[in-house]
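For what it's worth, the numbering used here labels the leading residue of the sequence shown as 465, then goes sequentially.
Single-structure report; data block below.
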Amino acid sequence: MNGQFERRLRGLSEPGAARCLQGGRHGIEKESLRVTPDGYIAATDHPIGLGSALTNRFITTDYSEALLEFVTPPVGSVWEAIQYLCDIHQFVCGFLDDELLWAMSMPCMIRSAADVPLARYGSSNIGMMKTVYRRGLGYRYGRNMQAIAGIHFNYSLAESFWPAYRDIESCNSDESAFRSSAYLGLVRNVRRLNWLLLYLFGASPAVCKTFVAGVDTHLEEFDPGTLHGPYATSLRMSDIGYQNSNQAALTVSANSLDEYIHDLDYAVRSPNKDYEQIGIKVDGVYRQLNANLLQIENEYYSAVRPKRVARSGEKPTEALRRGGVEYVELRSLDISPFDPVGINRVQVKFLEVFLVYCLLKDSPPISIDEKHDNSHNHAESAGRGREPRLELRRQGRLCKLRDWGLEACREILQVAGLLDAGDGTAYTDAVDAQIAALEDPDRTPSARFIGELVDNEQSVFEYAMELSRRYRDYFGALPTDMNAHHQALMKESDASLRRQAEVEAADTIDFDTYLERYFS
Numbered sequence: 465m466n467g468q469f470e471r472r473l474r475g476l477s478e479p480g481a482a483r484c485l486q487g488g489r490h491g492i493e494k495e496s497l498r499v500t501p502d503g504y505i506a507a508t509d510h511p512i513g514l515g516s517a518l519t520n521r522f523i524t525t526d527y528s529e530a531l532l533e534f535v536t537p538p539v540g541s542v543w544e545a546i547q548y549l550c551d552i553h554q555f556v557c558g559f560l561d562d563e564l565l566w567a568m569s570m571p572c573m574i575r576s577a578a579d580v581p582l583a584r585y586g587s588s589n590i591g592m593m594k595t596v597y598r599r600g601l602g603y604r605y606g607r608n609m610q611a612i613a614g615i616h617f618n619y620s621l622a623e624s625f626w627p628a629y630r631d632i633e634s635c636n637s638d639e640s641a642f643r644s645s646a647y648l649g650l651v652r653n654v655r656r657l658n659w660l661l662l663y664l665f666g667a668s669p670a671v672c673k674t675f676v677a678g679v680d681t682h683l684e685e686f687d688p689g690t691l692h693g694p695y696a697t698s699l700r701m702s703d704i705g706y707q708n709s710n711q712a713a714l715t716v717s718a719n720s721l722d723e724y725i726h727d728l729d730y731a732v733r734s735p736n737k738d739y740e741q742i743g744i745k746v747d748g749v750y751r752q753l754n755a756n757l758l759q760i761e762n763e764y765y766s767a768v769r770p771k772r773v774a775r776s777g778e779k780p781t782e783a784l785r786r787g788g789v790e791y792v793e794l795r796s797l798d799i800s801p802f803d804p805v806g807i808n809r810v811q812v813k814f815l816e817v818f819l820v821y822c823l824l825k826d827s828p829p830i831s832i833d834e835k836h837d838n839s840h841n842h843a844e845s846a847g848r849g850r851e852p853r854l855e856l857r858r859q860g861r862l863c864k865l866r867d868w869g870l871e872a873c874r875e876i877l878q879v880a881g882l883l884d885a886g887d888g889t890a891y892t893d894a895v896d897a898q899i900a901a902l903e904d905p906d907r908t909p910s911a912r913f914i915g916e917l918v919d920n921e922q923s924v925f926e927y928a929m930e931l932s933r934r935y936r937d938y939f940g941a942l943p944t945d946m947n948a949h950h951q952a953l954m955k956e957s958d959a960s961l962r963r964q965a966e967v968e969a970a971d972t973i974d975f976d977t978y979l980e981r982y983f984s
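So this is what it looks like as structure tokens:
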């Protein structure tokens with residue numbers, strides 16, 4: 465344990481101080497693939513009852529027209545965030561007819577890339593830009609990868625935390641700069657420790673063979689329809705999932721907010737020879753928005769992002785430049801197949817205390833060598849994290865994943881005590897559950913997943929289909945009383961259709977001119 469961390473813990477342990485850690489804001493974004501009753505990716509349009517995917521704040525689409533994205537608003541408790549996500553699932557299932565929500569991250573039954581339909585957002589310039597951007601992702605990385613689903617956890621500390629923390633740090637700098645600096649420190653520590661989240665919550669150790677058809681992989685055959693990594697935790701986050709050689713070479717520093725903004729700006733303005741070969745507008749049809757390393761800032765894939773709510777027409781880096789970091793988005797979470805909504809309260813409690821720990825823990829700048837070590841550790845944990853005696857790179861030496869994880873979790877326990885602050889032991893219990901998983905890899909979701917396949921003598925496809933049907937029935941059996949969340953979802957669906965029509969009616973320039981102005 466370092467001195468800075470101990471000092472901050474002492475400061476937050478003062479009478480009344482720990483209360484400022486409570487009241488953080490929690491939000492969850494969850495992607496869910498719509499599939500047919502026999503498990504193929506749905507080719508149907510986004511259900512009209514869900515409103516406009518362009519303008520609905522709670523229910524939209526990601527890459528594919530079939531890849532729904534559920535977005536809870538930021539709320540004050542873990543329980544409310546999970547409940548809101550559950551209510552969105554129940555609401556959506558009422559408009560799916562005989563379709564299912566796929567119950568895991570990795571898709572199955574992909575016959576060809578054409579089976580993954582591009583998301584469509586209407587005839588407005590911004591709607592067409594979203595579709596072209598996604599078409600570009602398909603050309604760059606392949607459409608199969610874009611059908612992978614995951615979960616993002618959005619978190620900000622309570623407003624009352626910041627004055628207390630400034631006092632502990634004896635800081636007289638600008639409040640926005642202080643807050644951004646603290647959040648960037650959190651981001652750096654997440655980059656250092658993301659391997660731990662992959663080990664603890666990775667739930668994609670196996671895939672359907674159709675997902676990697678024609679591709680050489682290191683995976684082993686589990687059954688005639690399934691490939692797996694014997695010790696894998698998250699194939700979604702491995703080299704067969706969200707990984708790309710061009711982005712792997714990209715450095716987006718989190719050592720300061722200025723560096724982060726500069727590096728993203730550079731990437732969206734830097735031509736890439738591979739992408740130039742794709743072409744931009746071919747035979748009158750846009751294949752991608754441009755041929756730069758990133759088409760737009762959101763193309764940069766990272767385990768965690770510093771964020772600020774953007775104003776209309778504002779780019780993410782412009783929002784950060786204007787007001788600093790407002791919250792962080794944790795992006796490396798697999799869908800849990802063991803939970804109807806893909807995540808559970810114990811997990812979210814741990815994620816919250818983990819992020820607070822990453823903020824309080826000393827966080828020096830990340831060097832190029834450490835960046836490479838972080839990438840190595842990420843790949844090792846995703847591909848073979850449950851391997852006995854697996855070693856990771858740590859400050860120029862090798863360290864067992866288990867030992868490092870236990871050391872971190874014992875420090876995290878101290879932060880959990882502050883978050884519990886005499887109000888039960890939920891955060892402490894959440895950390896204890898992860899310590900148990902480090903001590904016994906069979907307790908991890910990835911091991912449990914493989915265990916279910918073995919015990920039930922099922923392929924990954926058969927297991928996912930069973931779960932998808934089970935969760936459809938679960939949401940269908942829930943009471944249909946119109947609570948505040950359901951009323952908000954209905955109201956938003958109707959209002960979003962009106963907003964899309966207004967956006968389309970307001971366009972006064974053609975698409976070429978729109979893109980030219982956007983990127984000028």
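Idealized CB from N, CA, C, for every residue including glycine.
These figures come from a predicted structure and were not determined experimentally.
Between the segment 886-904 and the segment 814-826, the count of C-beta pairs closer than 8 Å reaches three or more; the two stretches touch.
With respect to the 9 Å criterion, residue 671 and residue 691 are classified as neighbours on the basis of their beta carbons. With a beta-carbon spacing of about 53 Å, residue 975 and residue 466 fall beyond the 8 Å limit used to define contacts. Rounded to the nearest whole angstrom, the C-alpha separation of residue 578 and residue 607 is 8 Å. Rounded to whole angstroms, the separation of the alpha carbons of residue 658 and residue 866 is 14 Å.
The continuous beta strand (DSSP E) containing residue 864 extends over residues 861-864.
In the DSSP assignment, residue 617 is bridged to 492, 794.
Taking one beta carbon from each stretch, the segment 630-648 and the segment 747-755 have fewer than 3 pairs nearer than 8 Å; the two do not touch. Residue 928 is not a Cβ neighbour of residue 842, given a cutoff of 9 Å. If the five residues before and after residue 581 are omitted, its C-beta is found closer than 7 Å to the C-beta atoms of 507, 528, 529, 530, all from its own chain and listed in chain order. Note on geometry: alpha-carbon atoms of residue 738 and residue 765 lie some 18 Å from one another. A distance of 9 Å or more separates the beta carbons of residue 625 and residue 822. If you draw a straight line from the Cα of residue 482 to the Cα of residue 536, it comes to about 27 Å. Taking a C-beta distance under 9 Å as the contact criterion, residue 902 and residue 870 qualify as a contact pair. Contact check for residue 910 against residue 669 passes: the beta carbons are separated by less than 9 Å. In the structure shown, the three-state DSSP call for residue 736 is coil. Contact between residue 953 and residue 555 is confirmed by a C-beta separation of about 5 Å, below the 8 Å threshold. Restricting attention to 509, 534, 511, the CA atom closest to the CA of residue 521 is found in 534. At the C-beta level, residue 699 and residue 846 come within 9 Å of one another.
According to the DSSP assignment, residue 670 belongs to the beta strand (DSSP E) that extends over 670-672. Ranked by how close their Cα comes to the Cα of residue 964, the residues 757, 591, 922, 889 have 591 in first place. For the pair residue 499 and residue 924, the Cα-to-Cα distance works out to about 15 Å. Selection 620, 881, 495 evaluated against residue 565 yields 495 as nearest (Cα-Cα). For residue 596, the closest alpha carbon among the candidates 627, 763, 686 is that of 763. Burial is judged here by how many other beta carbons sit within 10 angstroms of a residue's own beta carbon; residue 920 has fewer than 16 and is exposed. Assignment of residue 525 by DSSP, reduced to helix, strand and coil, places it in the strand class. For residue 682, no alpha helix (DSSP H) segment is defined, and its DSSP state is neither H nor E. Note on geometry: alpha-carbon atoms of residue 864 and residue 660 lie some 12 Å from one another. Shown here, residue 765 sits in coil according to DSSP, grouped into three states, outside any helix or strand. Going by DSSP, residue 690 is part of the beta strand (DSSP E) stretching over 690-692. When the five nearest sequence neighbours on each side are left out, the beta carbons in the same chain lying within less than 7 Å of the beta carbon of residue 584 are those of 529, 595, in order along the chain. Cβ atoms of residue 721 and residue 648 come within 8 Å of each other, at about 6 Å. If you draw a straight line from the Cα of residue 848 to the Cα of residue 873, it is about 20 Å long. In the three-state scheme derived from DSSP, where H, G and I count as helix and E and B as strand, residue 590 is classed as helix.
Pairing residue 740 with residue 615 gives a Cβ-Cβ distance that is not under 9 Å.
By the neighbour-count criterion, in which a residue is buried when 16 or more other Cβ atoms sit within 10 angstroms of its Cβ, residue 886 is exposed.
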